[in-house]
Amino acid sequence: MRCRRCSKPAVINMRQHKLALCGEHFLGWIPAQTQRFIKKYEMFDPGETILVAVSGGKDSLSLWDLLLSLGYEARGLYIDLGISEEGYSSSSLAKVDRFVEKREGARLKVVDVKEVYGKSIPQLARERPEQKTCSLCGLVKRYIMNETALEEGAVLATGHNLDDEAAVLLQNVLHWQTGYLLRQAPVLPSTHPRLAQKAKPFFRFYERETAAYAILRGIDYIYEECPFATGATTIFYKELLNRLEGRSRGAKLQFYLSFLRAREKGFFLRMLPFGPERIPSVNEGLELGECERCGQPTTAPGLCAFCRLWKVAEAEVG
Ligand code: AMP
Ligand code: FES
Ligand code: ZN
Ligand code: ZN
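Right under this line is the structure:
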């Protein structure tokens, strides 16, 4: 297989684009595509501060690397979840620290969940056997990401890739979660002063492409999945989609892009009470109040899900 641009041996063949590239041309193609999507989807402007949520994995570290290379004011945020099982949190942080040491201009903020809120994620999860660890952890991460982005006056960027997005889409479609479908997007504008704008600049890349970028750029990342993720439904959905992709080239990409087109045409709005005649903001169709404790918008009366979680935890301690 030869590079389409220069005929040198190709390092990657992206069958969904019928495009094989050598290392050098692939390392030019990824940033150019990312920049194109940042603009097309109005994710952020060159002068804005970006807070990249980095997990120590290939996607988020590659994203941070790429945004810095493109000249963005991109800061990193690592959330230490306190997962000591298999040394997961400390190994992840070590990868992030190594990246920061090597990369000039990389500024990192670490939020240690146990230090700030009194309990690590596994401790919190043990007290709530009825809740899945991953969903509880997701709630805490999303909250901290939003709060930190607001503090820094930044747009939040996460490393979600197309495999992540297509798996969530499949899950939402299987359950016809119309509210979630309406809010699943490459960019979520801020619709409330307490909500930061959120962007996923890698949403068009397959996982193998972000992995190839990380390897070619010499980024050392954590390979292991979180110990609580084993058997998670999203992993199963990713496998299903990869089987589909094996049969039909570009199936994953088409699945997601066709969804975006349907969404832009207002398809999912027809399922909401106010009908398709207006294009609503992402929060419409939801009854939003403000949390009594932190002020974040919430659909629940009184406290938001995050504050409820810690209030119960405090009551148990006290
Ligand atoms: P995940 O939900 O683990 O698939 O991660 C999705 C995205 O969330 C990653 O690409 C990161 O941008 C972000 N993320 C996940 N875990 C962390 C963490 N511990 N600290 C900061 N950001 C994270
Ligand atoms: Fe949160 Fe695995 S990263 S439970
Ligand atoms: Zn080439
Ligand atoms: Zn709250």
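Letter 128 of the sequence shown, counting from 1, is numbered 119 in the numbering used here, and no numbers are missing. Note that CB positions come from ideal geometry on N, CA and C, so glycine has one too.
Could you tell me the alpha carbon to alpha carbon distance between G241 and L231, rounded to whole angstroms?
14 Å
C(-3) classed as buried or exposed, judged by whether at least 16 other C-beta atoms fall within 10 angstroms:
exposed
Those runs of the beta strand (DSSP E) which lie wholly inside the segment 21 to 96 and span at least 3 residues
40 to 44, 64 to 71
Euclidean distance between Cα positions of F28 and M34
8 Å
With 16 other CB atoms within 10 Å as the buried threshold, where does S249 fall?
exposed
How is G266 classed by DSSP in three states: helix, strand or coil?
Caution is warranted here: a pLDDT of 44 is assigned to G266, below 50, making its placement in the model unreliable, and no coordinate value can be reported.
Classification of K256 by the beta-carbon crowding that lies within 10 angstroms, buried from 16 upward:
exposed
Quick one: complete beta strand (DSSP E) runs, 3+ long, within the segment 128 to 215?
146 to 148
So, with DSSP's three-state summary, where would you put A1?
coil
Considering Cα atoms alone, identify which of F246, F194, L294, D88 is closest to D50.
F194
Burial state of Q114, where buried means 16 or more other Cβ atoms lie within 10 Å
exposed
Environment of M5 [buried if 16+ CB atoms lie within 10 Å]:
buried
Going by DSSP in three states, P292 sits in which element: helix, strand or coil?
coil
Are there three or more Cβ pairs, one per stretch, closer than 8 Å when the segment 123 to 134 is compared with the segment 194 to 208?
no
Beta-carbon gap between E215 and Y69 smaller than 8 Å
no
Secondary structure at R(-7), three-state DSSP: helix, strand or coil?
strand
Where G19 falls: helix, strand or coil (DSSP):
helix
Span separating the alpha-carbon of P267 from that of G170:
In this predicted model, P267 has a pLDDT of only 42, less than 50, meaning its place in the structure is not dependable enough to derive any value.
Within a Cβ cutoff of 6 Å, which residues of the same chain sit near L147, ignoring the five residues on either side of it in sequence?
L42, M136, A140, A187, K189
At a cut-off of 7 Å, would you count A44 as near ligand 1, judging by its Cβ distance to the nearest heavy atom?
yes
Would you say L72 touches ligand 1, meaning its beta carbon is less than 7 Å from a heavy atom?
yes
Limits of the unbroken beta strand (DSSP E) element including K100
99 to 103
Exposure label - F265; buried when at least 16 CB within 10 Å
Residue placement at F265 cannot be trusted, given a pLDDT of 48 that sits under 50; what the coordinates show is reported in the next sentence. Exposed: under 16 other Cβ atoms inside 10 Å.
Within 8 Å, do at least three Cβ pairs link the segment 171 to 187 to the segment 277 to 292?
yes
Taking only heavy atoms of ligand 2 into account, decide whether any of them is closer than 7 Å to the Cβ of T124.
yes
Please state whether DSSP places G280 in a helix, a strand or coil.
strand
Euclidean distance between Cα positions of R269 and L251
Annotation note: pLDDT 43 at R269 (below 50); position unreliable, coordinate value reported separately. Going by the C-alpha atoms only, they are around 17 Å apart.
Contact belief for V101 with D71 at Cβ below 8 Å, rounded distance in angstroms
6 Å
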